[in-house]
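Below is one structure; the comments refer to it alone.
Residue numbers (my numbering): 3 to 113.
Written out as structure tokens, the structure reads:
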């Protein structure tokens, strides 16, 4: 059951990140959208990433975060949209990366 919850949380999180990036929202609603992405990211971090997936996931998360800081908005026509999509995906992935990295550090400390 937890596996399915983590899997669906990942799919919903990515879909919501893309939707939130492309659909204009009121400022008051943005906080709720960010909170939803953070909660889904935490669920993914706790339930969806297994021990053998830790390193590839963390490398991918780091790559996403680095790409998210690039000035992609300079690309004509689609740049601003790509920038927003990347930023919202980073908002979703960062909490998962935090949980996975803490779990990994704790596993290393246990020996």
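Even glycine gets a Cβ: it sits at the ideal position worked out from N, Cα and C.
Here's the rule: buried if 16 or more other CB atoms are within 10 angstroms of the residue's CB, otherwise exposed. What is residue i?
i: residue 51; result: buried
i: residue 57; result: exposed
i: residue 97; result: buried
i: residue 65; result: exposed
i: residue 43; result: buried
i: residue 11; result: buried
i: residue 63; result: buried
Whole angstroms are fine: how far does the CA of residue j sit from the CA of residue i?
i: residue 93; j: residue 105; result: 19 angstroms
i: residue 39; j: residue 18; result: 8 angstroms
i: residue 37; j: residue 22; result: 12 angstroms
i: residue 100; j: residue 88; result: 18 angstroms
i: residue 16; j: residue 111; result: 32 angstroms
i: residue 75; j: residue 113; result: 45 angstroms
i: residue 34; j: residue 41; result: 10 angstroms
What would DSSP say about residue i, mapped onto helix, strand or coil?
i: residue 78; result: coil
i: residue 104; result: helix
i: residue 19; result: helix
i: residue 72; result: coil
i: residue 57; result: helix
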